[in-house]
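S.K.: Mapping the sequence shown onto UniProt numbering, position 57 (from 1) lands on 57, and the numbers just tick up by one.
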Amino acid sequence: YPNVSPKVHLLYPRGLSEESHQQLIDDVQQRLSDNVGMPIIFDILQYCADFILEHQHSSSLLCPICLCPMTAASVSVTPCDHYAHTVCFDKHTEYTRKQLGEKLMARDFKIWREQQASLMKIYERQKEKGGIIDLEEERKKNLITEDTVHDAESNQQNCLESGLQLYKYTN
């Protein structure tokens with residue numbers, strides 16, 4: 001290279017129809033034979049990128065789910081470069097999730113359930129002994145509401161009525 005034309009292999013033609021893939025191979029071979037003796041490898045790479053960008057949303061592609069031709073407006077692309085109608089892909093995803101959920105529910109989780117039951121006994125024992133702090137109860141413990149203000153006023157009134165004096169300290 002460049003005196004000898006390089007051999008180019010186009011692998012994994014994602015998003016291209018068979019016809020477009022073959023056309024790309026033919027075009028690359030033609031460019032290579034026309035430019036023998038010239039450094040052209042970067043031009044070939046750029047041509048391939050442009051060709052794929054132009055032809056990957058071709059209406060000649062079929063949706064792998066419904067097998068109907070795709071239009072550019074309704075196409076979803078997965079991270080692994082699979083193309084499908086958005087509606088078909090959404091339905092397929094929903095169906096697959098439902099099917100997996102049913103399979104999981106049908107499984108026997110006997111060991112897991114036994115483990116959860118034994119752990120629940122330990123949890124209840126710790127809770128009874130005060131070893132578990134209930135965060136909700138702790139929040140409510142120091143929460144001042146209208147009821148707590150009213151209770152404080154009534155306690156102050158009860159103290160005054162019983163003859164106890166409250167002293168206020170002022171600075």
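Note that beta-carbon positions come from the ideal geometry of N, C-alpha and C, so glycine has one too.
Secondary structure at H21, three-state DSSP: helix, strand or coil?
M.R.: If DSSP states are grouped into helix, strand and coil, H21 belongs with the helices.
S.K.: Tell me H85's beta-bridge partners as DSSP assigns them.
M.R.: V75
S.K.: Do C63 and C80 come within 8 angstroms of each other at the CB atom, strictly closer than that value?
M.R.: no
S.K.: My output table needs one value for L16: the three-state DSSP class, helix, strand or coil.
M.R.: DSSP places L16 in coil when its eight states are reduced to three.
S.K.: Where does L104 sit, in a helix, a strand or coil, going by DSSP?
M.R.: If DSSP states are grouped into helix, strand and coil, L104 belongs with the helices.
S.K.: Does DSSP put L45 in a helix, in a strand, or in coil?
M.R.: helix
S.K.: Assign S20 to one of two classes, buried (16 or more other C-beta atoms within 10 Å of its C-beta) or exposed (fewer than that).
M.R.: buried
S.K.: In whole angstroms, what is the alpha-carbon distance linking S33 and L24?
M.R.: 14 angstroms
S.K.: Ends of the alpha helix (DSSP H) at I122?
M.R.: Its alpha helix (DSSP H) spans residues 110-128.
S.K.: Classify L61 as helix, strand or coil using the three-state DSSP reduction.
M.R.: coil
S.K.: Out of curiosity, what's the CA-to-CA distance linking residue 241 and T96?
M.R.: With the chain represented from 1 up to 171, any question about residue 241 goes unanswered, as that position is not in the structure.
S.K.: Relative to the C-alpha of L16, which candidate in L135, C66, M70 has its C-alpha closest?
M.R.: M70
S.K.: Alpha carbon to alpha carbon, what distance is there between D90 and A73?
M.R.: 15 angstroms
S.K.: Here's a check: name, in chain order, each residue in its chain whose Cβ is nearer than 8 angstroms to the Cβ of L10, leaving out the five neighbours to either side.
M.R.: Cβ within range, chain order: H21, L24, I25, V28, C48.
S.K.: For P69, which residues does DSSP report across the bridge?
M.R.: L62
S.K.: Determine the DSSP secondary structure at S33, reduced to helix, strand or coil.
M.R.: helix
S.K.: Give me the Cα-Cα distance between M120 and T145, rounded to the nearest whole angstrom.
M.R.: If you take the alpha carbons of M120 and T145, they lie about 34 angstroms apart.
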